[in-house]
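**Student:**
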Amino acid sequence: GQNIDQPTEMTATEGAIVQINCTYQTSGFNGLFWYQQHAGEAPTFLSYNVLDGLEEKGRFSSFLSRSKGYSYLLLKELQMKDSASYLCAAPNYGGSQGNLIFGKGTKLSVKP
Amino acid sequence: EPEVTQTPSHQVTQMGQEVILRCVPISNHLYFYWYRQILGQKVEFLVSFYNNEISEKSEIFDDQFSVERPDGSNFTLKIRSTKLEDSAMYFCASSGVVDRAPYEQYFGPGTRLTVT
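If you read the protein sequences in the order shown, they are chains A and B.
Just remember that my numbering sits 4 ahead of the position in the first sequence, which is counted from 1.
Just remember that my numbering sits 17 ahead of the position in the second sequence, which is counted from 1.
(1) Are the Cβ atoms of Glu20 of chain B and Gly89 of chain B separated by less than 9 angstroms?
(2) Between Ala88 of chain A and His42 of chain A, is the Cβ-Cβ spacing less than 9 angstroms?
(3) Between Gln31 of chain B and chain A, is there a C-beta pair that is closer than 9 angstroms?
(4) Within 10 angstroms of the Cβ of Ser75 of chain B, are there 16 or more other Cβ atoms? Answer buried if so, exposed if not.
(5) Beta strand (DSSP E) containing Met84 of chain A: first to last residue?
(6) Is the beta carbon of Val132 of chain B closer than 9 angstroms to that of Thr93 of chain B?
(7) Please report how far the alpha carbon of Gln23 of chain B lies from the alpha carbon of Ser75 of chain A, in whole angstroms.
(8) Comparing alpha-carbon positions, which option in A:Ser71, A:Ser69 and A:Lys80 lies nearest Glu60 of chain A?
(9) At the 9 angstroms Cβ level, is Tyr52 of chain A part of the contact set with chain B, yes or no?
(10) In the DSSP assignment, find the beta strand (DSSP E) that holds Ser113 of chain A and state where it starts and stops.
(11) When you compare only the Cα positions, how much space is there between Ile21 of chain A and Asn69 of chain B?
(12) By the 10 Å Cβ neighbour count, where 16 or more other Cβ atoms means buried, how is Asn103 of chain A classified, buried or exposed?
(13) Compute the minimum distance between the beta carbon of Phe106 of chain A and the heavy atoms of the ligand MG, and state whether it is under 8 angstroms.
(14) Which residue marks the beginning of the beta strand (DSSP E) containing Ala105 of chain B, and which one marks its end?
(15) Out of A:Lys72, A:Thr15 and A:Ile105, state which residue places its alpha-carbon closest to the alpha-carbon of Lys115 of chain A.
(16) For Gln28 of chain B, would you say it is in contact with chain A, using Cβ-to-Cβ distances shorter than 9 angstroms as the test?
(17) Given a limit of 9 angstroms on CB to CB distance, which residues of the stretch 35 to 48 of chain A reach chain B?
(18) Please work out which residues of its chain come closer than 6 angstroms, Cβ to Cβ, to Val54 of chain A, disregarding the five sequence neighbours upstream and downstream, and give them in chain order.
(19) In terms of residue numbering, what span does the beta strand (DSSP E) encompassing Asn45 of chain B cover?
(20) For Leu68 of chain A, which residues in chain B fall below 8 angstroms Cβ to Cβ?
(21) Over the uninterrupted beta strand (DSSP E) stretch that includes Tyr52 of chain A, give me the two end residues.
(22) Taking Lys111 of chain A and Thr27 of chain A to be in contact with their CB atoms under 8 angstroms, please state how far apart those CB atoms are, rounded to whole angstroms.
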């Protein structure tokens with residue numbers, strides 16, 4: 005089966021750095037996604053990792069360790085608009101292409 | 018930039034009624050999906066569609082649900098007899114890129130379904 009765990013809520017200060025962790029247990033592995041979801045809106049793609057290591061994309065970076073079943077999303081120079089839920093997701097291994105299993109999301113509040 | 022669109026943005030219906038939620042995926046995409054998100058809960062996969070047929074469905078996607086791609090652009094989700102617990106935000110998504118898997122999925126803005 006598939007299980008994805010991430011903290012429910014986090015709070016950080018504008019301009020700071022925050023790391024959102026995700027652990028996963030999957031029967032196989034086919035990469036890990038991070039999505040951002042503002043309240044009442046659709047998830048939007050942030051990153052995809054399939055190999056170990058850090059992938060940097062502007063203020064956002066994502067890290068993966070396959071041996072530990074662990075990923076994190078790093079947000080730098082936080083802005084108020086970064087207040088949102090951050091969803092960790094993995095493809096349903098063994099299913100057809102790309103059906104995503106989502107974690108419950110981490111609600112990030114950025115304060116002035 | 019191409020985007021997935023969904024209509025209506027909000028649908029209110031009475032229990033037992035049929036509803037059809039509509040989506041227009043990104044035009045050159047090949048895979049289409051429906052997800053739902055009950056308020057305050059996680060996004061849940063319902064069904065995926067490829068090459069004019071269902072490729073996978075979850076336990077949620079029972080006989081009350083059906084999907085169709087009636088023409089070259091629309092992708093619909095029908096709920097035959099709605100229940101109170103069907104109240105949720107329904108997201109359509111699409112993805113392409115045949116030679117790489119899995120695919121980045123683009124989500125539509127969602128349809129908020131309220132069953133009374």
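For each residue, glycine too, the CB sits at the ideal point set by N, CA and C.
**Tutor:** Per the coordinate set shown:
(1) Judged by beta-carbon spacing, Gly89 of chain B lies beyond the 9 angstroms limit of Glu20 of chain B, meaning their Cβ atoms are not closer than that value.
(2) At the C-beta level, Ala88 of chain A and His42 of chain A come within 9 angstroms of one another.
(3) Interface residue (Cβ-Cβ distance to chain A less than 9 angstroms): Gln31 of chain B is not classified as such.
(4) With 16 or more other Cβ atoms from the protein chains shown falling within 10 Å of its own Cβ, Ser75 of chain B counts as buried.
(5) Taken as a continuous stretch (DSSP letters only), Met84 of chain A belongs to no beta strand (DSSP E), as it is neither H nor E.
(6) Here Thr93 of chain B is not near Val132 of chain B, since their CB atoms are 9 angstroms or more apart.
(7) Using only the alpha carbons, I get a separation of about 32 angstroms.
(8) Here the closest residue by C-alpha is A:Lys80.
(9) Cβ-Cβ to chain B under 9 angstroms: yes for Tyr52 of chain A.
(10) First-last of the beta strand (DSSP E) with Ser113 of chain A: Thr110 to Lys115.
(11) Per the coordinates, the alpha-carbon of Ile21 of chain A lies some 45 angstroms from the alpha-carbon of Asn69 of chain B.
(12) Under a 10 Å Cβ-count criterion, Asn103 of chain A is classified as buried, with 16 or more other Cβ atoms of the shown protein chains found around its own Cβ.
(13) In the structure on display, the ligand MG does not appear, and there are no ligands present to speak of.
(14) For Ala105 of chain B, the uninterrupted beta strand (DSSP E) segment begins and ends at Ala105 to Ser112.
(15) Comparing C-alpha distances from Lys115 of chain A to each of A:Lys72, A:Thr15 and A:Ile105 shows the shortest one belongs to A:Thr15.
(16) So no, Gln28 of chain B is outside the interface.
(17) Those residues of the stretch 35 to 48 of chain A that come within reach of chain B (Cβ to Cβ, closer than 9 angstroms) are Gly35, Phe37, Tyr39, Gln41, Gly44, Glu45, Ala46, Pro47 and Thr48.
(18) Closer than 6 angstroms at Cβ, skipping near neighbours: Gly35.
(19) For Asn45 of chain B, no beta strand (DSSP E) run applies, since DSSP gives it neither H nor E.
(20) Contacts between Leu68 of chain A and chain B, judged by CB atoms closer than 8 angstroms, are missing: the closest CB pair is about 14 angstroms apart.
(21) Start and end: Thr48 to Asn53.
(22) Lys111 of chain A to Thr27 of chain A, Cβ: 18 angstroms. No contact.
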